[in-house]
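Q:
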Amino acid sequence: MSLITPDFGLLFWMTVVFLVVLLILTKFGFPVIVRMINNRKAYIDESLRKAHEANEKLANIKAESDALLQDAREKQAQLLKEAAATRDAIVEKAQDKARDESNRLLSEAQIEIENQKRAAISDVRKQVATISVEIAEKVLREKLSDDKIQMDLIDRMLDEISSSDKK
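Counting in our numbering, the sequence shown runs from -5 upward without gaps.
If you want it as structure tokens, here you go:
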């Protein structure tokens, strides 16, 4: 026997064993293998489809979040604008109130000053009148220290009163 050329019997039995193994594999092995490959392919296809759907959902969610974020920014800007307007209105109202209060206090102060001025003028007049009466009293005492001068003054005053009564 030669190692390079096999014997016919060996070749025959190898062919028979090969055909039996091929038949068994074709009948039982290949369908299982093909089914496993098809299942694996279906699983991979389904996974790819789900991944694609997930990417689409993620893109939609991102678009929605961008829209919500933009809407929130617009609302924030609107709220800031309204807050600024409210602040300006409050400041304006406070300034008006302060002006009104200032004018009221100024008016009250002017009235108080006028009242005090009148009271002071009245007081000065009373003091001037009192001083004038005192001065006149002193002057008359000096002039009327003599009885004859007093009598002349009385006569003159009576004459003036009599002449005014006649008219």
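The beta carbon of each residue, even a glycine, is placed where N, CA and C say it ideally should be.
Tell me the residue span of the alpha helix (DSSP H) that contains Gly3.
A: Start at 1 with the first residue of the sequence shown, and residue 3 comes out as number 9. First-last of the alpha helix (DSSP H) with Gly3: Phe2 to Ile18.
Q: DSSP state of Ile155, grouped into three classes?
A: For the purposes of this step, residue 155 is identified with residue 161 of the sequence shown, where counting begins at 1. It is helical.
Q: How long is the line joining the alpha carbons of Arg135 and Gln144, rounded to whole angstroms?
A: The count along the sequence shown starts at 1 and reaches residue 135 at position 141. The count along the sequence shown starts at 1 and reaches residue 144 at position 150. One C-alpha to the other measures close to 10 angstroms.
Q: By DSSP, does Ile55 sit in helix, in strand, or in coil?
A: By 1-based counting over the sequence shown, the position of residue 55 is 61. Here Ile55 sits in helix by DSSP.
Q: Kindly examine the ligand MN and report whether one of its heavy atoms sits closer than 6 angstroms to the Cβ of Ser158.
A: For the ligand MN, the structure offers nothing, since it holds no ligand at all.
Q: Which value, in whole angstroms, describes the spacing of the CA atoms of Asp82 and Glu95?
A: Working through the sequence shown from its first residue, we reach residue 82 at position 88. Working through the sequence shown from its first residue, we reach residue 95 at position 101. Going from the Cα of Asp82 to the Cα of Glu95 covers about 20 angstroms.
Q: Could you check what DSSP says for Asp141 in three-state terms: helix, strand or coil?
A: Counting from 1 along the sequence shown, the entry for residue 141 is found at position 147. Three-state DSSP puts Asp141 in a helix.
Q: Could you tell me the alpha carbon to alpha carbon distance between Asp60 and Glu76, rounded to whole angstroms?
A: Counting from one through the sequence shown, the residue named residue 60 turns up at place 66. Counting from one through the sequence shown, the residue named residue 76 turns up at place 82. Approximately 24 angstroms between the Cα atoms of the pair.
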